[in-house]
Amino acid sequence: MSVDPSRRFRNETEHERLDRQLMELLQGFRVATTGVQVLFAFLLTVPFSARFDTKVGDTGRALFYVSLFGAGLASVCFIAPVIQHRILFRLGQKALLIRRANRFGIAGAFALGVSMTAATTLVVQALSEKAAATFATVVVAVLLCGWAWFVQPYLTRRRAEARSAKDA
5 MSVDPSRRFR
15 NETEHERLDR
25 QLMELLQGFR
35 VATTGVQVLF
45 AFLLTVPFSA
55 RFDTKVGDTG
65 RALFYVSLFG
75 AGLASVCFIA
85 PVIQHRILFR
95 LGQKALLIRR
105 ANRFGIAGAF
115 ALGVSMTAAT
125 TLVVQALSEK
135 AAATFATVVV
145 AVLLCGWAWF
155 VQPYLTRRRA
165 EARSAKDA
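Going by my numbering, the first residue of the sequence shown is number 5, and it counts up by one from there.
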């Protein structure tokens, strides 16, 4: 069994560690939630703009719905840990809340990535050629969200776990 790396470098009790982890998660959610709210607000105004229906077509409408529901799902995922914390307050469930918040955060990031990709593709498709929209989709989904949010931290985690296993 590997030792939690934060325990090697911090002189904190289990309770202090859980408090710190919860505060770090909630702070990260505050940042993400702001971005989701801006995107969601933008998406809620788009259908009311002039020529939305005639400009985007069936593909654009599908992209709009994917983006809208993705932003809605991301909002739910980023807000859920805060609401659960309020409901489960003082019941000794902090470790459970942290595990759930972590899962909600990953799901929220995935939904946000889908939403951002669909919204970017929708806008680029409305303004330019299909090739540019395809390029924008690949850049946002694969290079930006996929690499920066998921692949790079996953690879770092694997390397850290391998080092930790070797040191144990």
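Backbone N, C-alpha and C define an ideal beta-carbon position, used for all residues, glycine too.
- Counting C-beta atoms within 10 angstroms of its own C-beta, I102 has 16 or more neighbours from the protein chains shown and is therefore classed as buried.
- Distance check between L148 and each of G39, M120 and V80 places M120 closest, using alpha-carbon atoms only.
- In this structure, A78 lies away from L30, with their beta-carbon atoms at least 9 Å apart.
- C-alpha of T138 to C-alpha of K170: approximately 43 Å in a straight line.
- Shown here, A113 sits in a helix according to DSSP, grouped into three states.
- Q129 sits buried, since 16 or more C-beta atoms from the chains shown fall within 10 Å of its C-beta.
- For C81, the enclosing alpha helix (DSSP H) stretches over residues F56 to I91.
- Distance from the CA atom of C81 to the CA atom of E165, rounded to whole angstroms, is 27 Å.
- Inter-residue distance for V118 and F46 is about 16 Å (C-alpha atoms, whole angstroms).
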